[in-house]
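Q:
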Amino acid sequence: MSILFDPSTSVFHLSNDRVSYIFRLAGGKYPMHVHWGRRVRKVTDRMIERRTIWTEETFSLNETAFDFLPMECPTFAGDLREGMIHVIHENGMSALLLEYESHRIMTGKPALGALPSARGEGAESLLLTLRDKVSGVAVELCYTIYSDVDVIARSARIINGGKTAVTVDKALSACVDFEGYDFNLTTLSGAWTRERQMYTRPLVPGDQGTSSTRGASSVQTSPFMMLARKDATEERGEVYGFALCYSGGFEASVHVDQHFISRAQIGIQPFNFSWQLQPGEDFQTPEAYLCYSCEGMGGMSRSFHALVHNHITTGKFAHSTRPILCNNWEATYFDFNEEKLLSLALCAKEADIDLFVLDDGWFGHRNGDNSSLGDWFDDLNKLPKGLRHLSDEIHALGLKFGLWIEPEMISVDSELYRAHPDWCIHVPGYPRIEYRNQLVLDLSRDEVRDHIVDVIIAALDRGNVDYVKWDMNRFINMWGSASLPAQRQQELGHRYILGVYDMMRRITQAFPDVLFESCAGGGGRFDLGMMCFMPQGWCTDDTDAWMRCKIQHSTSFVFPPSTMGAHVSAVPNHQTGRSTPLATRAAVAMSGTYGYEFDLTNLPAEEIAEIRKLNKRVRQLQPLLFYGDYYRLVSPYEGNEAAWMTVSGDKREAVVTHVCAQAVPNMKDKLMRLAGLDPNLTYRDEDTGMTYGGDELMYYGIIIKKPWGDYMSQQFYLKAID
Ligand code: DGJ
Numbered sequence: 000m001s002i003l004f005d006p007s008t009s010v011f012h013l014s015n016d017r018v019s020y021i022f023r024l025a026g027g028k029y030p031m032h033v034h035w036g037r038r039v040r041k042v043t044d045r046m047i048e049r050r051t052i053w054t055e056e057t058f059s060l061n062e063t064a065f066d067f068l069p070m071e072c073p074t075f076a077g078d079l080r081e082g083m084i085h086v087i088h089e090n091g092m093s094a095l096l097l098e099y100e101s102h103r104i105m106t107g108k109p110a111l112g113a114l115p116s117a118r119g120e121g122a123e124s125l126l127l128t129l130r131d132k133v134s135g136v137a138v139e140l141c142y143t144i145y146s147d148v149d150v151i152a153r154s155a156r157i158i159n160g161g162k163t164a165v166t167v168d169k170a171l172s173a174c175v176d177f178e179g180y181d182f183n184l185t186t187l188s189g190a191w192t193r194e195r196q197m198y199t200r201p202l203v204p205g206d207q208g209t210s211s212t213r214g215a216s217s218v219q220t221s222p223f224m225m226l227a228r229k230d231a232t233e234e235r236g237e238v239y240g241f242a243l244c245y246s247g248g249f250e251a252s253v254h255v256d257q258h259f260i261s262r263a264q265i266g267i268q269p270f271n272f273s274w275q276l277q278p279g280e281d282f283q284t285p286e287a288y289l290c291y292s293c294e295g296m297g298g299m300s301r302s303f304h305a306l307v308h309n310h311i312t313t314g315k316f317a318h319s320t321r322p323i324l325c326n327n328w329e330a331t332y333f334d335f336n337e338e339k340l341l342s343l344a345l346c347a348k349e350a351d352i353d354l355f356v357l358d359d360g361w362f363g364h365r366n367g368d369n370s371s372l373g374d375w376f377d378d379l380n381k382l383p384k385g386l387r388h389l390s391d392e393i394h395a396l397g398l399k400f401g402l403w404i405e406p407e408m409i410s411v412d413s414e415l416y417r418a419h420p421d422w423c424i425h426v427p428g429y430p431r432i433e434y435r436n437q438l439v440l441d442l443s444r445d446e447v448r449d450h451i452v453d454v455i456i457a458a459l460d461r462g463n464v465d466y467v468k469w470d471m472n473r474f475i476n477m478w479g480s481a482s483l484p485a486q487r488q489q490e491l492g493h494r495y496i497l498g499v500y501d502m503m504r505r506i507t508q509a510f511p512d513v514l515f516e517s518c519a520g521g522g523g524r525f526d527l528g529m530m531c532f533m534p535q536g537w538c539t540d541d542t543d544a545w546m547r548c549k550i551q552h553s554t555s556f557v558f559p560p561s562t563m564g565a566h567v568s569a570v571p572n573h574q575t576g577r578s579t580p581l582a583t584r585a586a587v588a589m590s591g592t593y594g595y596e597f598d599l600t601n602l603p604a605e606e607i608a609e610i611r612k613l614n615k616r617v618r619q620l621q622p623l624l625f626y627g628d629y630y631r632l633v634s635p636y637e638g639n640e641a642a643w644m645t646v647s648g649d650k651r652e653a654v655v656t657h658v659c660a661q662a663v664p665n666m667k668d669k670l671m672r673l674a675g676l677d678p679n680l681t682y683r684d685e686d687t688g689m690t691y692g693g694d695e696l697m698y699y700g701i702i703i704k705k706p707w708g709d710y711m712s713q714q715f716y717l718k719a720i721d
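No gaps in the numbering here: position 341 of the sequence shown is 340 in my numbering, and each next residue is one more.
1. Based on the DSSP secondary-structure assignment, which residues constitute the bridge partners of residue 30?
2. Consult DSSP for residue 622 and reduce its assignment to one of helix, strand or coil.
3. Taking the DSSP output, what are the residues bridged to residue 681?
4. Could you have a look at residue 85 and say whether DSSP puts it in helix, strand or coil?
5. With burial defined as no fewer than 16 other Cβ atoms inside 10 Å of the residue's Cβ, what is the status of residue 557: buried or exposed?
6. Run the Cβ filter for me: residues under 6 Å from any heavy atom of the ligand DGJ, listed in the order they occur in the chain.
7. Hey, residue 575 and residue 546: beta-carbon distance below 8 Å or not?
8. Opposite residue 640 in the DSSP bridges: which residues?
9. If you run the structure through DSSP and keep just helix, strand and coil, what is residue 631?
10. Taking the C-alpha atoms as reference points, what is the distance between residue 716 and residue 331?
11. When burial is assigned at 16 or more other CB atoms within 10 Å of the CB, is residue 588 buried or exposed?
12. Does the Cβ of residue 707 have 16 or more other Cβ atoms within 10 Å, making it buried, or fewer, making it exposed?
13. Use the C-beta contact count for residue 554: other C-beta atoms within 10 angstroms, 16 or more gives buried, fewer gives exposed.
14. Enumerate in chain order the residues of its own chain whose CB-to-CB distance from residue 166 is below 6 Å, with the five nearest sequence positions on each side excluded.
15. Using 8 Å as the threshold, is the C-beta distance between residue 527 and residue 244 below it?
16. What's the C-alpha gap between residue 189 and residue 195?
17. For residue 687, is the classification buried or exposed, using 16 other Cβ atoms within 10 angstroms of its Cβ as the cut-off for buried?
18. Within 10 angstroms of its Cβ, does residue 672 collect 16 or more other Cβ (buried), or is it exposed?
19. Could you give the distance in angstroms between the alpha-carbon of residue 299 and the alpha-carbon of residue 226?
20. By the 10 Å Cβ neighbour count, where 16 or more other Cβ atoms means buried, how is residue 380 classified, buried or exposed?
21. Put residue 309 into one of helix, strand or coil per three-state DSSP.
22. Which runs of the alpha helix (DSSP H), 4 residues or longer, sit entirely within the segment 541 to 603?
23. Tell me whether residue 467 is buried or exposed, calling it buried when 16 or more other Cβ atoms sit within 10 Å of its Cβ.
24. Name the two residues that bound the continuous beta strand (DSSP E) containing residue 537.
25. Rounded to whole angstroms, what's the CA-CA distance from residue 13 to residue 174? Just pull it up for me.
26. State whether the segment 477 to 495 contacts the segment 505 to 522, with contact taken as three or more CB pairs (one from each stretch) at a distance under 8 Å.
27. Mind checking which residues open and close the alpha helix (DSSP H) that includes residue 732?
28. Can you list, in chain order, the residues of its chain whose CB lies under 6 Å from that of residue 484, leaving out five sequence neighbours each side?
29. By Cβ distance, which residues of its chain are closer than 6 Å to residue 675, with the 5 residues on each side in sequence left out?
30. Tell me whether the segment 16 to 36 and the segment 68 to 81 touch, counting them as touching only if at least three CB pairs, one residue from each stretch, are closer than 8 Å.
31. Quick check on residue 515: does DSSP put it in helix, strand or coil?
32. Can you give, in chain order, each stretch of the alpha helix (DSSP H) that sits fully within the segment 430 to 510 and has at least 4 residues?
33. Which of helix, strand or coil does DSSP assign to residue 665?
34. Report buried or exposed for residue 143, applying the criterion of at least 16 other Cβ atoms within 10 angstroms of its Cβ.
35. Would you give the residue range spanned by the beta strand (DSSP E) that residue 174 belongs to?
36. Do residue 469 and residue 533 come within 8 Å of each other at the CB atom, strictly closer than that value?
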């Protein structure tokens with residue numbers, strides 16, 4: 000892995016054993032993209048002449064050269080396409096002509112101030128400073144290349160080096176121009192209980208992409224896009240993935256221009272965003288991850304998974320297995336008391352579960368979703384002896400104890416709101432529009448954050464908790480802060496997210512031994528920003544096994560199973576009314592962090608026994624399922640079946656899971672080819688004792704028995720025997 004600068008050609012070449020990212024300072028000044036893809040050993044004149052040949056002498060601002068050159072950091076100066084950074088000067092006019100000033104190559108990577116970002120073990124970074132000579136505004140582009148993952152991390156820092164204030168009204172993190180538009184674009188869109196559904200279409204001239212204006216990465220979309228060559232498949236062909244380490248509004252876009260250049264960009268949502276920079280101040284963009292794979296979409300995902308495990312997740316649980324949990328939400332909703340909780344916990348213990356989680360409704364006087372958010376004191380009607388007593392009882396059963404919180408919100412019916420009606424985000428004179436009967440706290444304000452951090456830490460201390468589920472059940476509109484001046488109101492979206500990160504940093508650091516799981520009304524903030532603080536997130540409120548196959552399939556584009564909160568729940572399922580076999584619900588949920596979310600007190604003894612058996616299997620397979628290499632075998636978006644597998648790093652173990660939705664009459668057994676195994680090894684199916692060659696499994700296939708009944712699953716645990 001290296002970052003090389005050749006002063007004779009002004010070429011920067013970032014490479015590891017597999018990938019090159021190359022750009023050149025055209026005319027010695029303007030960074031122009033040359034190549035991002037499979038590694039090339041040497042940057043030749045032919046490569047740099049193509050599109051970026053542009054010397055001091057031939058450069059003329061009267062040519063529309065910028066408009067078709069592959070800019071690394073376009074700014075709407077000469078280039079008429081959408082830029083990456085847009086700045087308005089004190090005179091109200093906007094211009095930014097960025098020229099090379101200096102660069103620095105460092106081992107590791109710099110931290111991004113208050114923003115979360117990937118760590119830099121085994122990495123090298125290039126800091127490239129560009130400056131607009133007229134205004135003094137500078138942009139520092141940061142590029143990081145890793146030796147272990149095929150990801151380039153990019154971000155930008157805008158520095159007001161001038162003498163007057165400027166307003167930044169667009170600050171994206173990365174831009175790459177590709178020649179041609181021979182790509183399929185995949186983005187993830189959805190809704191509550193059907194998050195991150197996969198949508199693929201060919202690029203066309205003009206604009207396309209995905210974005211969120213909701214103040215969160217959202218259930219409707221996801222800060223990710225993938226450009227795949229038209230011949231790319233799961234395991235073959237070129238794929239470019241873009242993901243953002245950010246939990247607020249974002250934009251990921253591709254503009255195919257008049258010359259069929261495809262400009263891909265990703266960063267903070269520019270709508271309703273601006274940031275004032277006084278002389279000497281700077282603005283840091285979130286970090287974007289640009290992943291190149293020549294091994295199809297599967298290769299991209301395995302790189303992203305390694306990025307998450309090796310550089311993003313942190314803390315005690317980041318690289319370990321997780322406790323099997325039982326959450327009371329779908330078992331009781333708001334209708335519980337201590338007695339009911341303890342009888343559920345007792346059954347959880349009998350079922351060999353590790354952790355009991357008390358979800359929403361334990362505080363204030365919250366018997367529905369219309370009160371008490373902000374009042375983080377125990378509801379003594381439901382828990383007459385308080386949270387600590389319940390926690391002690393649960394610990395006495397030999398279970399760990401977990402607690403739900405929603406620190407970012409406030410109910411109008413709360414003591415907090417009565418004391419501080421201006422602490423919520425609102426626009427004076429306009430109605431305070433509630434969603435899920437709640438308002439959002441203005442976390443840009445220090446005093447609001449300080450108060451919430453104090454009361455939440457007190458509650459978690461009181462509950463002596465081992466696990467926390469941090470929820471966030473509404474998105475934000477009507478943006479207004481009682482504490483920001485008029486010209487800074489459009490900073491609120493980003494300041495809110497910085498406030499969330501600040502609270503998460505303080506609260507998670509106060510409890511280093513506690514496992515934290517993020518959640519947002521299901522999977523409404525399932526993003527890399529959250530993963531920097533919490534190693535797992537609740538993937539969706541949809542616990543239906545078949546819908547989960549789809550959601551987990553597309554979530555796995557970026558996220559490994561160790562990050563995906565997944566539970567076995569009741570049948571008929573509470574979100575779809577569908578009934579699926581327990582074995583299938585478990586097979587799907589164990590490709591996530593695994594737990595149960597239904598009333599165990601009503602289960603027949605045989606089912607409790609079945610759950611004990613399943614838990615044994617989960618404990619045995621979890622290290623492999625979490626940290627092995629992930630292969631998607633059959634896409635549930637293409638038909639009636641889904642299949643995926645995980646292979647250990649040394650290829651000596653694998654778990655294969657296949658689910659068939661509807662049984663069809665007169666079906667035959669099927670052959671399914673596996674992936675990622677060692678062709679020269681012999682594997683034994685640990686459940687049946689049957690043996691197979693790795694070559695046989697990958698090049699011929701394994702037999703999938705025709706299902707008898709709907710939503711049947713088959714799982715194979717394979718171990719090498721030679
Ligand atoms: C939304 C979450 O996704 C659910 O699991 C549950 O915690 C509810 N909120 C509680 O209000």
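C-beta atoms are modelled at their ideal positions from N, C-alpha and C, and glycine is treated no differently.
A: Once the coordinates are examined:
1. 24
2. helix
3. 692
4. strand
5. buried
6. 328, 358, 359, 403, 470, 472, 518, 520, 521, 537, 540
7. yes
8. 659
9. strand
10. 35 Å
11. buried
12. exposed
13. buried
14. 87, 273, 275
15. yes
16. 5 Å
17. exposed
18. exposed
19. 11 Å
20. exposed
21. helix
22. 544 to 554, 581 to 588
23. buried
24. 535 to 537
25. 16 Å
26. no
27. Outside the shown range of the chain, which is 0 to 721, sits residue 732, and nothing can be said about it.
28. none
29. 628, 630, 646
30. yes
31. strand
32. 445 to 461, 491 to 509
33. coil
34. buried
35. 165 to 178
36. yes
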